[in-house]
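For reference, the structure discussed in these notes is given below.
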Amino acid sequence: MKFTATPRPAKARKGRALALFLAEEEEARHSLLPELERLPALAQAAGFKAKRERIATVTAEVGATAVPVVLVGMGAREKVDDEALRQGAARLVKQLEAMGVERCDLCLGAGAEEAHDPGRAIAEGAVLGSYRFEAFKSEPDKERKPVKELALHLPESRLDCAREGLAFGALLARGACFARDLANRPGNACTPTYLAQQARALAKKGGRVKVRVLSEAQMRRLGMNALLGVSKGSAEEAKLICLEYTPKGRASETVAVVGKGLTFDSGGISLKPGKKMDEMKYDMCGGAAVLGLFSILEELAPRQRVLGFVPSSENLPDAAAQKPGDIVTAFNGKTIEILNTDAEGRLILADALAYAATFEPAAMVDLATLTGAVITCLGHVATGVMANDDGLRDQIVAAGERSGERCWPLPLWDDYHKAIEAKTADIQNIGDGTAGTINGGMFLKEFVGEVPWAHLDIAGTAWGGRDVGYYDGKGAAGVGVRLLAQWLTDRA
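Heads up, the sequence shown is in this note's numbering, so the first residue is 1389 and it goes up one at a time.
See the structure below:
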């Protein structure tokens, strides 16, 4: 999709639609386009009120030309923000597709124009909203006409910022769509080996990303028994995918991002219920986010050296599978009692985090669909964030607000440690049934040493939830890519 920003006023053009983002009451006194004098009357006739999530199409006569005009509601003017524009742009592109219109001129009412970064929000919403996953359809929709161009019309003084925002938003959304593509693949088509292949393909696109993949034999020599234990029941070989982005010039710092890449989770011997087990293909959404970020790093061009780690395996029952009661020794020498094989994500992350910490990054962030408890706590609206460093935690929360991928902090107080203390090992992989999300964070904290670290539990935001336009609650959301990109940008 092509995005442009040009001066106002826009002109109605043949073969194109015209879209207006309007806050409440602006539909009754809209004056962006003098040639559309009858717009308030047309909006009234269509019963359009500019409430958030409302959209309507009217036909306006401009000279001898009939122009389709899409009215997109932004809600109360004082509450119009980037998220309203993001959702509005997504609904707009879906409406345009339904109309078969491939090009559109877009004008913003005063409320929408005053949002923090309208260009970025519109590009993100449009790209994410037009996403379709049809890789396994025998006959993809040949009738579909994706939107090819959105032209944003703004006052001259705002054009440069809008152009930067459009490019930035489109880039981040492409990274999120890359992550969606990975996560939406079924478990038989997205294995640890497949993820490793996709990572290696990223390294071939340019010269700034390097990839190294550790095999099971290499991990065994390094003592990564927590990760290897999870993989024992699977015929698919586990991988530890290691990525490195090096910026032009001297790096400002080194940071690390770690993503859980569990490509299918049956629960292992502690078998999950059959209902919705198919959704456990999404248990690698943290790893997908890391790969999605690396897919755009060369264009994003952060000043940091960025290290990425994706521990990837399956968790399946088998005669050789790990059993409840087993004890394993992790990469950093900690012993772990396995009380429940379905608490496996923290096990594969344990070795990856401990390994990443040996590179002494200035900060480290992990993303994982770790606990169902975070959904009970925060629903599908916010990601839970826990950290051993208050400054890093606050950076993540701020980046979440800017990116639209909101995070809410949870504590990692020492009082919670008792829940993961084991009788026959250093720690155990489940707690006492309370504070499940925090217990998961406390477990991971054992493997990061002194590195400033934040843990993002994305189990509630990686898939599912309500329709917000740019994500309809079905399939993977691609969460984490925009957040991490914003965090890197803010730290620069």
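Backbone N, C-alpha and C fix where the C-beta goes; we use that ideal spot for every residue, glycine too.
For clarity, every value in this text was computed on a predicted model and none was experimentally measured.
Alpha carbon of residue i to alpha carbon of residue j, nearest angstrom
i	j	result
Tyr1633	Phe1524	32 angstroms
Lys1663	Asp1671	16 angstroms
Val1450	Met1668	53 angstroms
Ser1518	Glu1512	10 angstroms
Lys1579	Glu1625	It is Thr, not Lys, that sits at residue 1579 in the sequence shown. One C-alpha to the other measures close to 9 angstroms.
Val1597	Val1753	19 angstroms
Glu1502	Gly1575	44 angstroms
Thr1394	Leu1547	7 angstroms
Gly1446	Leu1430	Reading the sequence as shown, one finds Val at residue 1446 and not Gly. So the two alpha carbons sit approximately 7 angstroms from each other.
Asp1777	Ser1701	29 angstroms
Leu1681	Gln1710	32 angstroms
Leu1610	Arg1491	55 angstroms
Ala1400	Leu1424	9 angstroms
Arg1901	Ala1738	Since the displayed the chain opens at 1389 and closes at 1880, residue 1901 lies outside it and no answer follows.
Ala1584	Gln1606	15 angstroms
Asp1653	Thr1812	26 angstroms
Ala1689	Lys1533	33 angstroms
Met1389	Ala1405	15 angstroms
Tyr1804	Ala1810	13 angstroms
Phe1796	Cys1673	The displayed chain sequence assigns Trp, not Phe, to residue 1796. Each residue's Cα considered, the two are about 19 angstroms apart.
Val1856	Ala1514	12 angstroms
Thr1885	Glu1441	There is simply no residue 1885 to check, as the chain begins at 1389 and stops at 1880 in what is shown.
Gly1403	Pro1528	26 angstroms
Ala1587	Ala1770	28 angstroms
Any non-hydrogen atom of the ligand FAD within 7 angstroms of residue i CB
i	result
Gly1563	No copy of the ligand FAD appears in this structure; indeed no ligand is present at all.
Assumed close pair residue i, residue j - CB separation to whole angstroms, cut-off 8 angstroms
i	j	result
Ala1750	Glu1604	With 8 angstroms as the limit, Ala1750 and Glu1604 do not qualify as a contact, their Cβ atoms being about 31 angstroms apart.
Ala1477	Glu1412	The pair is not a contact, with the Cβ atoms about 18 angstroms apart (cut-off 8 angstroms).
His1504	Arg1396	Contact doesn't hold; Cβ gap of about 20 angstroms is too wide.
Leu1832	Leu1695	In fact, because the Cβ distance is near 17 angstroms, the residues do not count as touching under 8 angstroms.
Leu1755	Gly1733	Contact flag wrong, Cβ pair sits at about 11 angstroms.
Leu1516	Ala1564	6 angstroms
Val1601	Lys1627	5 angstroms
Val1762	Val1773	Incorrect: roughly 10 angstroms between the Cβ atoms, too far for contact.
Arg1500	Leu1473	The question names Arg, yet the displayed sequence has Ala at residue 1500. Yes, Ala1500 and Leu1473 are in contact; Cβ-Cβ is about 6 angstroms, under 8 angstroms.
Contact check, residue i vs residue j, beta carbons under 8 angstroms
i	j	result
Ala1798	Ile1826	The question names Ala, but residue 1798 in the sequence shown is Leu. The answer is yes: Cβ separation under 8 angstroms.
Asp1470	Ala1509	yes
Gly1621	Leu1704	yes
Ile1818	Asn1728	yes
Arg1691	Ala1880	yes
Asp1730	Gly1655	yes
Gly1649	His1768	no
Ile1724	Ala1807	no
Gly1863	Arg1854	no
Ile1684	Arg1562	yes
Tyr1867	Ala1850	Checking the displayed sequence, the identity of residue 1867 turns out to be Val instead of Tyr. Cβ distance < 8 angstroms, so Val1867 and Ala1850 count as in contact.
Trp1875	Gln1783	yes
Ala1438	Glu1415	yes
Ile1736	Pro1699	yes
Met1462	Phe1409	yes
Cys1630	Phe1566	no
Met1830	Leu1800	yes
Glu1686	Lys1592	no
Residue-chain proximity (residue i, chain C), Cβ-Cβ < 8 angstroms
i	result
Leu1755	Checking the listed chains, one finds no chain C in this structure; it contains a single protein chain.
At 4 residues or longer, what runs of the alpha helix (DSSP H) sit wholly inside the stretch 1730–1786? Runs of the alpha helix (DSSP H) inside the stretch 1730–1786: 1733–1745, 1761–1766.
Within 8 angstroms, do at least three Cβ pairs link the stretch 1825–1840 to the stretch 1743–1750? yes
Taking only runs of the alpha helix (DSSP H) that begin and end inside the stretch 1412–1469, which ones reach a length of at least 4 residues, in chain order? 1427–1433
Taking 8 angstroms as the threshold, find out whether the stretch 1481–1494 comes into contact with the stretch 1446–1462 through three or more Cβ pairs. Counting Cβ pairs under 8 angstroms, three or more are found: they touch.
Can you check the stretch 1662–1689 for any alpha helix (DSSP H) of at least 4 residues that lies completely inside it and give the ranges in chain order? 1673–1682, 1685–1688
Which whole runs of the alpha helix (DSSP H) in the stretch 1595–1655 are 4 residues long or more, in chain order? 1604–1610, 1613–1619
Quick one: which unbroken beta strand (DSSP E) runs of 3-plus residues sit fully inside the stretch 1470–1551? Chain order, please. 1491–1496, 1537–1542
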